[in-house]
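J.: Following this note's numbering, the numbering of the sequence shown begins with 2 at its first residue and continues without gaps.
The beta carbon of each residue, even a glycine, is placed where N, CA and C say it ideally should be.
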Amino acid sequence: MTLARLRTGIDVYYEIEGKGDPLLLIMGTSADHTTWAAQVEAYRDDYTVITYDARGTGQSTHPEDLSDYSMRILADDAAALLDCIGVERAHVSGLSLGSATAQELAVNHPAKVATLQLHCTWGRSDEWFIRMIETLETPVLHDDLAGYIRTGLLWVASPTFINDQPDDVEAFERGVITENPHPPSKAGVLGHIHADKTHDALGRLGSIEVPTLITSGEVDWQVPTRYGLDVQRTIPGSTMHLFRGPHSSHIAFHEMVDEWNAFTLGWLNRQARIGG
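1) With respect to 6 Å, is the separation between the Cβ of Asp169 and the closest non-hydrogen atom of the ligand GTP below this value?
2) Should Ile163 and Val170 be called a contact, given that it needs their Cβ atoms to be closer than 7 Å?
3) Smallest Cα separation from Leu83: which of Ser208, Ala172, Ile27, Asp231?
4) Would you mind listing the alpha helix (DSSP H) stretches within the segment 118–169 that are 4+ residues and don't spill past its ends, in chain order?
5) Figure out for me which residue from Leu230, Leu203, His34, Pro212 has the closest Cα to the Cα of Tyr14.
6) Inspect the beta-carbon positions of Thr30 and His193 and report whether they are closer than 7 Å.
7) Work out the CA separation of Gly176 and Thr36 for me, nearest whole Å.
8) So, does the segment 110–126 touch the segment 200–212, judging by three or more C-beta pairs under 8 Å?
9) In whole angstroms, what is the alpha-carbon distance linking Ala38 and Leu98?
10) Whose CA, out of Pro23, Leu24, Asp197, lies closest to the CA of Leu75?
11) Using three-state DSSP, classify Glu18 as helix, strand or coil.
12) Evaluate the contact criterion for the segment 218–234 versus the segment 149–161: three or more CB pairs, one atom per stretch, below 8 Å.
13) Helix, strand or coil: which one does DSSP assign to Thr3?
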């Protein structure tokens, strides 16, 4: 077990695999580092891949107070982790809440970020987004984490996945709750949702100067493409890519894993070759 005590006052579990330049992966709301397993396998031949349990997930500290959760705080944790393991600068890829964390990392700790990937991203939580995320908050407030996962799947998975792959859906749900040795906690989920609801970085993203890829999915109901386009218009020189097809959901990294991995790795390799 690899735990780091960070200067931000929490313990963070992390893993490092592979060889090459460092690549930090930051996962989304209430998900731990294991969610990146297929990406670690794809990236580790070319990069030293760093995954971790953000505060409120997995084996890391789960603060009880909502004031201990914001995208800025989560980004400060990420910067502190890189310092703790001796990484001066890393490629950074974040998904959903992880993308919002990555935005704050790039804005507030720019020297830490070599390139930036923002998947399923948004720059500011508007009224629609807040109402959407509150549909996930309600079951958690009633101590129904299984209901939280079932509701969440309706937002993050494609109809094709839910309708045509019932065994995979069941395995996905089991893997999060009943078969997970470190399942989501009420405090952690509510903390992440608080960070989601209060995210507001859009007006500061223009300061990002590193090569930046923004991706969205054609059938991402949770963070529709309009949010990614807002971010792309704000970050100078950034690139937008839309995954298409019946599986291009919020969890396209899982549903269309080969295409997703090939595209993101290809983009990163191109930036590395030109010194990004």
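T.: Here's the rundown:
1) Only the bare structure without any ligand can be found here, which leaves the ligand GTP out of the picture.
2) Sequence index remark: in the sequence shown, residue 163 carries index 162 (1-based). Sequence index remark: in the sequence shown, residue 170 carries index 169 (1-based). Yes, the pair counts as a contact, with Cβ atoms nearer than the cut-off.
3) The count along the sequence shown starts at 1 and reaches residue 83 at position 82. The residue with the shortest Cα to Cα distance from Leu83 is Ile27.
4) 128–142, 146–157, 160–165
5) One-based indexing of the sequence shown puts residue 14 at position 13. For Tyr14, the nearest C-alpha among the options comes from His34.
6) Here residue 30 refers to the residue found at position 29 of the sequence shown. Here residue 193 refers to the residue found at position 192 of the sequence shown. Yes; because the gap between Cβ atoms is below 7 Å, this pair is in contact.
7) Here residue 36 refers to the residue found at position 35 of the sequence shown. Here residue 176 refers to the residue found at position 175 of the sequence shown. The straight-line gap from Cα to Cα measures roughly 10 Å.
8) yes
9) Within the sequence shown, numbered from 1, the residue matching residue 38 stands at position 37. Within the sequence shown, numbered from 1, the residue matching residue 98 stands at position 97. Going by the C-alpha atoms only, they are around 18 Å apart.
10) If you number the sequence shown from 1, residue 75 lands on position 74. Nearest C-alpha to Leu75: Asp197.
11) The sequence position of residue 18 within the sequence shown is 17, counting from 1. Three-state DSSP puts Glu18 in a strand.
12) yes
13) Your numbering for residue 3 matches position 2 in the sequence shown. Of the three classes helix, strand and coil, the one that applies to Thr3 here is coil, per DSSP.
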